[in-house]
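J.: Got a structure for you, written out below as structure tokens; questions coming shortly.
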Amino acid sequence: MHSERSNVRELDVRDVDGEPFSHIMDALSDLGTGQTLRLVNSFEPVPLYGVLEERGYTHDSERVADDEWHVYVESA
Numbered sequence: 001m002h003s004e005r006s007n008v009r010e011l012d013v014r015d016v017d018g019e020p021f022s023h024i025m026d027a028l029s030d031l032g033t034g035q036t037l038r039l040v041n042s043f044e045p046v047p048l049y050g051v052l053e054e055r056g057y058t059h060d061s062e063r064v065a066d067d068e069w070h071v072y073v074e075s076a
């Protein structure tokens with residue numbers, strides 16, 4: 001399903017000390033037109049989804065392992 005995405009930038013926040021929110025927002029602000037951010041996390045970041053929607057992003061998430069989630073974020 002996600003293998004057909006092109007121009008994907010990855011941000012792995014599994015090893016970030018503390019809250020990764022600022023890292024995620026920085027990565028999103030650096031996205032170019034047509035780019036997708038693949039956020040890799042150890043849990044589903046449900047609280048982030050509302051923030052993404054408020055800021056004009058769409059997201060699609062998938063659990064790829066017991067302790068790994070990929071969230072694909074694009075500009076709406």
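Just so you know, we're using full-length UniProt numbering here: the sequence shown kicks off at 1 and counts up by one. By construction, the Cβ of each residue, glycine as well, lies at the ideal position given by its N, Cα and C atoms.
1. Spatial neighbours of residue 56 within its chain, please: CB distance less than 6 Å, with the 5 preceding and 5 following residues excluded, ordered by chain position.
2. How far does the alpha helix (DSSP H) with residue 28 in it reach, from first residue to last?
3. Going by C-alpha distance, which of 49, 38, 21 and 53 is nearest residue 68?
4. Since residue 36 contacts residue 73 with CB under 8 Å, what's their CB separation in whole angstroms?
5. Judging by CA-CA distance, which residue of 22, 16, 15 and 30 is the nearest neighbour of residue 9?
T.: Well, looking at it:
1. 76
2. That run of the alpha helix (DSSP H) goes 21–29.
3. The option with the nearest alpha carbon to residue 68 is 38.
4. 7 Å
5. 30
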